[in-house]
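Asks: Residue numbers (our numbering): 64 to 229.
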Ligand SMILES: [Zn+2]
């Protein structure tokens, strides 16, 4: 720890109390203020002097250091607010994607697997891809199958697009 043995003193006008709250001395206000800056660590100490009354602050960060710390704190709080907002937007997008995925799963489950007496079959897989047995007479499938399948595939695509935005 620096003991602030060597410091440079400059004089400035009084600009407000410098003492700890309970140890302020109103008689010391209104005169001059001496600013001691430690040559080793850069800390500063302020002393208000008016006539034979004085009031002294403890050693602390210099005004420049304090301002830099305050600026850094303000920047951090802006960044934190931006992050909170991004998280909120992200969780909204996440919820939308989850809802659309649930809807897509429900619609996919509603698409029937078509089976012909000769063993051929056709259906949508769990990702919404149309699959069938080799040589299945796809053209013979009822239009209703394709209508239900199309709704499910559209839901899958919407869910994928929503997920890509998360
Ligand atoms: Zn020092």
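Cβ atoms here follow ideal geometry from the backbone N, Cα and C, with glycine treated the same way.
1. Can you grab the Cα-Cα spacing for the pair residue 66 / residue 106, in whole Å?
2. Would you list the residues sitting across from residue 184 in a DSSP beta bridge?
3. Check whether the Cβ of residue 126 lies closer than 8 angstroms to any heavy atom of ligand 1, and answer yes or no.
4. Could you give the first and the last residue of the continuous beta strand (DSSP E) run that contains residue 76?
5. Please go through the same chain and pick out, in chain order, the residues whose beta-carbon is closer than 7 angstroms to the beta-carbon of residue 169, but skip the five residues on each side of it.
6. Which residue's Cα is closest to the Cα of residue 98: 116, 75, 92, 104?
7. Roughly how many angstroms lie between the CA atoms of residue 206 and residue 144, to the nearest whole one?
8. Rounded to the nearest angstrom, what separates residue 130 and residue 69 at their Cα positions?
9. Could you tell me which of 193, 192, 198 sits nearest to residue 181, measuring between CA atoms?
10. For residue 110, which of 127, 132, 87, 128 has the nearest alpha-carbon?
11. Under 8 angstroms: do the stretch 140–159 and the stretch 116–130 share three or more Cβ pairs, one atom per stretch?
Replies: Taking the definition as stated:
1. 10 angstroms
2. 178
3. no
4. 70–76
5. none
6. 75
7. 53 angstroms
8. 23 angstroms
9. 198
10. 87
11. no
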